[in-house]
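Start counting the sequence shown at 158; every next residue gets the next number (our numbering).
Here's the structure we're looking at; comments come further down.
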Amino acid sequence: MSRGAAHRNRPWARAMAAGTLAAAALTVAPSADGTPGRTETAVESTSPVTGVIETEVSVRIPLPASVGSHPASCDRLSYLRYRSADGPSKSADADRILVAQPGILEGAGAFDSVARNTVKAAAGKGEHIEFWALDRRSNCLEDNAGIATGNATKAVDYYYGGKQVDGRKFDGFLTSDRTGWLAEVGLEQTVRDQYDLLSAELPDQKLRKDKVLCGGHSLGGVLTGVFATWDFDGNPATKADAGFNQCAGYFALDTTISTSLDDLNGSSSGPGGSLLPGLIPDTSIGYTAVQAGLRTGVLPRFLALPAVLNPETMNLLALSGLAARNAPGAESALLDSVPSNANIETTGRMLFSKNSEVFLKGSPTIRDFRLTNAAVLGAFMDDHSAPLAFIQTSVGFFDSAGSTGGAGSADGGRARIVDKNFPASNNDPAQPALFGTELKAIPDEPGGPLYTWRNFDRVGAADDPVYRSANGAPFTTAAKEVTDIGELARSLSEQPLDFTEDYFPTRLVTDIQLIDDPQLAGKLVHKEGLTANPKVTFVAGDGILADHIPQDENPVVLPGYQHLDVLTAAPVQNDGNRERIATLLSAFATR
């Protein structure tokens, strides 16, 4: 069961109050097995951004028989549709439709904040746009029944305690040998899925060319570039089917619209070969050998590492988001309730070790500290704690109950927070961009006071104790904080289509790395597609492009933003201004 399917089976997701969804739940002719060809279901949300309607759309577009045996749920394509409550109910009647491809290891739910903010900004100027956040095929493998309960205890019991939810029992996190069909889900299938979905939802090609803006985040920018140059009917002489003729323009969110990973890689960051040692297979053996390795299982069918990046640890992000959403200031019981297996313990040591000595010794661990639910989520994803740039957000900073200022110790009622020098050191100015641009910090009193979380909009407030690094510099300032941790928690745990992509197909990245191979290059025949339409490029000032900003793209550089902040930033920033991506992207869309 997909995560979306789990939500659709929840009573609250099935209930659609009169007037909430003007479009209603649209169901077209069923397939031969009786399943609806298309469904559109209202999504209930606690987002503070009002005036935006969200629905989950699912369309039956079967995989080709050549893919082999696969779950029936994977014969559907899904996306989250955001539109103005005051706008038209039919997508074809909208002023513009923004269609977004997620980045690596990322699902449709990650776009929730930027989608709402952008639709809202356009509506404020009397324009009615839609934002479609795409979910790739592989998300059909995720089981979100536990998260969908809305209760962290029940979710942990489902994933680890053998408890059932709505009569369903968790079947375990998948291993590569159980996902053989993913060996066939590469670049061609991914861009074909986008083309088929657009064609099904907006059958008029001229309307697509007039109203659809194609774009994405991170790897999604590369996928958009490939889509723009792809020939979909096998005849390069006919261009109505060309990818660039399905789009009126392009938008890039901390990425570029291109067909190469080079811009994203830079010196050592981005989702290419230098992302993490061992994450991406060696493609120097050639296209044919790589594909044979994927089909036989010699190479893993989805990207995973024993710690930090694998289905179980990404599900842990959703669990931490759920706990922080429901009780942000409560002392966390999550880390005591999940099992002490090798995968989780290694991940904890990677994320929460003060230095290499602590990492190797394995003590103290994150379980030895008293942390609120919000502080746990901050430890996992904030740019002053998370060790990997591509999962970092700027959501605030550690704090402690009863902070009153004073020296950087427990004096004055303030719990001790010190430099985190693992896996990179704050003392090394030449640390790899892979680890991000900010000083890292960590609580330093295991078993002691309760560590809380200071949200992004309270950094620099009158009661801020201003924790400082050993070099005397403050770890952060208000100008460096842009995302509300409560909204991050909501996006991680409330969306019917997940924030993460737990089973990201390896072939999708290896195909891009081997894009010049004749078996792929012959489809990217419309090179003019990359420059055929206007585009807007946003770059996170502290993100993965920070050390190699693509000036030739004339980008909008966003100071203080990290890689995920371009998706999660709050609608009103600490300087009192509206969030710039929403403002400028909505203006670009309606120009």
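Ideal placement from N, C-alpha and C gives every residue a C-beta, glycine not left out.
{"Item": "S743 vs T275 beta-carbon contact at 9 Å", "Value": "yes"}
{"Item": "DSSP state of C231 mapped onto helix, strand, coil", "Value": "helix"}
{"Item": "Opening and closing residue of the alpha helix (DSSP H) in which G351 lies", "Value": "What sits at residue 351 in the sequence shown is Gln, not Gly. Taken as a continuous stretch (DSSP letters only), the alpha helix (DSSP H) holding Q351 covers 344-358."}
{"Item": "DSSP bridge partner residues for D292 (one or two, in chain order)", "Value": "S235"}
{"Item": "Backbone secondary structure at R748 - three-state DSSP", "Value": "coil"}
{"Item": "Backbone secondary structure at Q362 - three-state DSSP", "Value": "helix"}
{"Item": "I523 vs F555 beta-carbon contact at 9 Å", "Value": "no"}
{"Item": "Rounded distance between the beta-carbons of G486 and A531, thought under 8 Å", "Value": "7 Å"}
{"Item": "Bridge-paired residues (DSSP) for D539", "Value": "T550"}
{"Item": "Bridge-paired residues (DSSP) for Y608", "Value": "L528, S557"}
{"Item": "Same chain only: Cβ atoms within 8 Å of D390, ignoring 5 sequence neighbours per side", "Value": "D398"}
{"Item": "Stretch pair the segment 611-626 + the segment 444-451: three plus CB contacts closer than 8 Å", "Value": "no"}
{"Item": "As assigned by DSSP and simplified to three states, the class of G377", "Value": "helix"}
{"Item": "Burial state of Q346 (16 or more Cβ within 10 Å)", "Value": "buried"}
{"Item": "D668 - containing alpha helix (DSSP H), residue span", "Value": "663-670"}
{"Item": "Any non-hydrogen atom of the ligand ADP within 8 Å of P521 CB", "Value": "Summarising the ligand content, the structure contains no ligands, and the ligand ADP is consequently not present."}
{"Item": "Backbone CA spacing between T198 and G377 [nearest angstrom]", "Value": "25 Å"}
{"Item": "Ranges of the beta strand (DSSP E) found wholly within the segment 447-496, counting only runs of at least 3", "Value": "none"}
{"Item": "Distance, L476 Cα to L491 Cα", "Value": "8 Å"}
{"Item": "One or two residues paired with V714 in a DSSP bridge", "Value": "V696"}
{"Item": "P438 burial status per 10 Å Cβ neighbour count (16 or more: buried)", "Value": "buried"}
{"Item": "Meets three-Cβ-pair contact criterion under 8 Å: the segment 726-745 and the segment 264-282", "Value": "yes"}
{"Item": "P622 - partner residues in DSSP beta bridges", "Value": "DSSP output for P622 lists no bridge partner at all."}
{"Item": "Interface flag, I669 vs chain C, CB-CB below 9 Å", "Value": "The structure shown contains no chain C; it is built from a single protein chain."}
{"Item": "Backbone secondary structure at I286 - three-state DSSP", "Value": "strand"}
{"Item": "Boundaries of the beta strand (DSSP E) in which P205 is found, first to last residue", "Value": "Looking at the DSSP string, P205 is not in any beta strand (DSSP E), and its letter there is neither H nor E."}
{"Item": "DSSP-derived helix/strand/coil call for A394", "Value": "coil"}
{"Item": "Whether H705 touches T386 by CB criterion (9 Å)", "Value": "no"}
{"Item": "CA-to-CA distance, N690 to S356, given in whole angstroms", "Value": "19 Å"}
{"Item": "Nearest residue (CA-CA) to T594, options P622, F401, K637", "Value": "K637"}
{"Item": "Rounded Cβ spacing between V575 and D601 (contact assumed at less than 8 Å)", "Value": "4 Å"}
{"Item": "Paired residues, beta bridge with F408 - DSSP", "Value": "G372, V693"}
{"Item": "Element boundaries [beta strand (DSSP E), containing R253]", "Value": "253-258"}
{"Item": "Supposed close pair E201, L654 - CB separation, criterion 8 Å", "Value": "Not quite, the Cβ-Cβ distance comes to about 14 Å (not below 8 Å), so this is no contact."}
{"Item": "Sufficient close CB pairs (3 or more, under 8 Å) joining the segment 639-647 to the segment 714-728", "Value": "yes"}
{"Item": "Backbone CA spacing between L466 and F330 [nearest angstrom]", "Value": "13 Å"}
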